[in-house]
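362 is the number of the first residue of the sequence shown in my numbering; add one for each residue after it. Where is the CB? At the ideal position from N, CA and C, for every residue including glycine. Predicted model, so just to flag it, every value in this text is computed and none were measured.
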Amino acid sequence: MKIITAVPLTFLLFIPATLQAQQEKQIPEWCKPLPRPEYKSLQRVLPDEPWFEVYKVAAGVFAIYEPHQAEETISYLIVGTKQAVLFDTGMGISDIHKVTTKLTSRPIVVLNSHTHDDHVGGNWQFPFIFGMDTDFTRKNAKGSREDAQAEIASDQICGDLPKGFNPKTYATKPWRISHFIHDGFTVNLGGRKLEVLGTPGHTPDSIALLDRANGLLFTGDTYYPAPIWLFRPETDLDAYVNSAKRLAALAPELKLVFGAHNNPVAEPSVLPRLVTAIQAVRSGQGTVKPAGEGKAIHTLDGFDFLLAAAKKEKN
Ligand SMILES: [Zn+2]
């Protein structure tokens, strides 16, 4: 802190409050409670990475977390004896390819939980990408600049952007889908098998990944411990409820659930509770608060759902 000498009393009373206000203006609200306490009990690896925080969350499973951007996206590297799957590639703000090569020497194939911009930003860096066989996926694979630019507005960033990052040219770069897949597709990593479960709702191409032998479920944006986005035009609420039910039915055979934002590790019992909560919210229960243009946050039993606000009747 700077020591100010020989300043008139009025300034001494005035300046600190102004400085404080300025500093608070620079720190977005979502950033203030970080780091999240849940991370303290997790095993951190590669502690010197400046943009990503990497945690070993199960045997051969790494959570690659981006705490400096408001989405707080988490991608997962799941390693077998022959190859590895990268389940999402994050924001594309820093070099996720470099991080994954520090975690495994095996070939890496990419699967996306869905193709919103905050999950596909590093896709272009990888030679082999599975894509769900939907028009939504094909459209998003062309990349876009608009969604990406909105992610780096000043209230979306907490701390420093990575060295060499150019905000002017930041965009979701296009990628090539190597192989189209459907619900029920399996990937054999060697000593570990992953099943693709189609879970449309949040988007038409949403999937979950099931490692049945180890009791691990990766839920993408169908479940994560933060307001779940269900307001966009590509969202189908009926499909979402059915997908949540499908995942909840697996809960008895699961050990851990990994979502795609904020905190990586959840108990399987969260899934049946999620179904109960979204059904109750749809029948009008819970508290409702407006959340920006055309949106409202519905809260019930510890779950938050960001839904399209009910349209006002004309007249
Ligand atoms: Zn999403």
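- Here the alpha carbon of Asp-521 sits roughly 43 Å from the alpha carbon of Ser-644.
- Residues Phe-491 of the same chain have their beta carbon placed closer than 6 Å to that of His-540, with the five preceding and five following residues left out of the count.
- Separation of Trp-485 and Gly-441 (C-alpha to C-alpha, rounded to the nearest whole angstrom) is 23 Å.
- In chain order, Phe-448, Leu-555, Phe-579 place their CB closer than 6 Å to the CB of Leu-570, counting only its own chain and leaving out the 5 sequence neighbours on each side.
- Beyond the five residues adjoining it in sequence on each side, Val-446 comes within less than 7 Å, by CB distance, of Ile-439, Val-470, Leu-472, Val-548, Leu-550, Leu-555 in the same chain, given in chain order.
- Under the rule that a run must span 4 or more residues, the alpha helix (DSSP H) segments found entirely inside the region 441-496 read 457-464, 478-481.
- If the five residues before and after His-480 are omitted, its C-beta is found closer than 8 Å to the C-beta atoms of Thr-434, Ser-436, Asp-449, Thr-450, Gly-451, Asn-473, Ser-474, Gly-581, Asp-582, Ala-621, all from its own chain and listed in chain order.
- A direct Cα-Cα distance of roughly 19 Å separates Ile-388 from Gln-510.
- Taking 8 Å as the cut-off, the beta carbon of Lys-650 is found no closer than this to the beta carbon of Ile-639.
- Closest by C-alpha distance to Pro-613, out of Val-626, Thr-596, Val-631, is Val-631.
- For Thr-637, the enclosing alpha helix (DSSP H) starts and ends at 631-643.
- Every alpha helix (DSSP H) of 4 residues or more that sits fully in the region 497-538 is shown, in chain order, as 507-511.
- Taking Leu-558 as the centre and dropping the five residues before and after it, the same chain places the C-beta of Asp-544, Ile-568, Ala-569, Leu-571, Arg-607 closer than 7 Å to its C-beta, in chain order.
- In the structure shown, Arg-607 adopts helical secondary structure according to DSSP, grouped into three states.
- Segment contact: the region 387-402 against the region 527-536, fewer than three CB-CB distances shorter than 8 Å; contact not assigned.
- CA-to-CA, the gap between Leu-407 and Pro-594 works out to about 38 Å.
- A Cβ-Cβ separation of about 5 Å places Pro-565 in contact with Phe-497 under the 8 Å criterion.
- Exclusion of Asp-508 from the 7 Å shell around ligand 1 follows from its C-beta lying no nearer than that to any non-hydrogen atom of the ligand.
- Per the CB criterion, closer than 5 Å to any heavy atom of ligand 1, the qualifying residues run in chain order as His-477, Asp-582.
- Residue pairing by DSSP places Lys-417 opposite Gln-404, Phe-423 in a beta bridge.
- Between the C-alpha atoms of Gly-453 and Thr-533 there is a straight-line separation of about 7 Å.
- For Glu-556, the secondary structure class from DSSP, reduced to helix, strand or coil, is strand.
- Of Lys-417, His-429, Val-418, the smallest CA-CA separation from Trp-391 is found for His-429.
- In the three-state scheme derived from DSSP, where H, G and I count as helix and E and B as strand, Trp-412 is classed as coil.
- For the set Asp-478, Lys-417, Glu-628, the Cα lying nearest the Cα of Glu-507 is the one of Asp-478.
- Measuring C-alpha to C-alpha distances from Arg-553 to each of Ala-610, Ala-574, Ala-669, Phe-619 identifies Ala-574 as the nearest.
- DSSP places Lys-656 inside the beta strand (DSSP E), whose first and last residues are 656-661.
- If only complete runs of 3 or more residues are kept, the region 578-605 shows the beta strand (DSSP E) at 589-591, in order along the chain.
- At least 8 Å separates the beta-carbon of Leu-591 from that of Tyr-584.
- Secondary structure note for Asn-549: its beta strand (DSSP E) is the uninterrupted segment 547-549.
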